[in-house]
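Undergrad: Can you read through this structure? Questions will come right after.
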Amino acid sequence: MGINEIHNLNHAQSFGAGHAARQRTKEEIQGFEELIQEKAGDRLNFSKHAAKRLGERGIAIDNQLLGDLEHAVDEARKKGSRDVAVIGSQGMFIVNIPNNTVVTTMSQDDMKNRIFTNIDSAVFM
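For the sequence shown, UniProt numbering puts the final residue at 125, and the numbers step up evenly by one.
Structure representation (structure tokens):
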């Protein structure tokens with residue numbers, strides 16, 4: 001084996017090792033991105049409109065209510081819902097599931113004699 005053949009062999013081996021390392025790195029990055037998206041998906045977001053309605057309607061969000069909302073949304077997500085009305089003692093929360101966002105809220109008093117459109121499911125909590 002000549003010097004050029006040895007050089008080519010070493011070059012091929014180092015290229016293969018480097019390529020495998022890059023491949024692992026891509027897989028690790030994809031796994032990390034999925035983890036971030038999964039963790040970000042755990043928390044509900046509130047649109048500006050919903051946040052304004054919370055204040056106007058005197059609905060206080062504490063950790064217990066937020067946890068109940070998130071659980072209700074997770075259950076609706078498992079059933080394939082896209083836009084859900086989550087109804088509880090504090091009022092009603094309309095949640096867009098793909099965006100994981102509360103889009104509006106209503107107190108119990110506001111819910112009387114109202115018609116709700118553009119929802120595909122309801123969850124009582």
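Glycine residues also receive a C-beta, built at the ideal position from the N, C-alpha and C atoms.
Mind checking which residues open and close the beta strand (DSSP E) that includes G88?
TA: From DSSP, the beta strand (DSSP E) with G88 extends over 83-88.
Undergrad: Using DSSP bridges, identify the partner residues of residue 162.
TA: In this structure the chain extends from 1 to 125, so residue 162 is not present and cannot be described.
Undergrad: Which same chain residues end up closer than 6 Å to I115 when comparing Cβ atoms and leaving out the 5 residues on each side of it in sequence?
TA: The answer is none, since no qualifying residue turns up.
Undergrad: Can you pull the DSSP bridge partners for F93?
TA: In the DSSP output, where bridge partners are listed per residue, F93 has V86, T105.
Undergrad: Check whether the region 71-80 and the region 45-60 are in contact - that is, three or more C-beta pairs closer than 8 Å.
TA: These segments do not touch.
Undergrad: Among the candidates M125, L65, I119, whose CA atom is the shortest distance from the CA of N96?
TA: If we check each option's Cα against that of N96, I119 comes out closest.
Undergrad: At the level of alpha carbons, what is the spacing between P91 and G58?
TA: Contrary to the premise, residue 91 reads as Gly rather than Pro in this sequence. Each residue's Cα considered, the two are about 10 Å apart.
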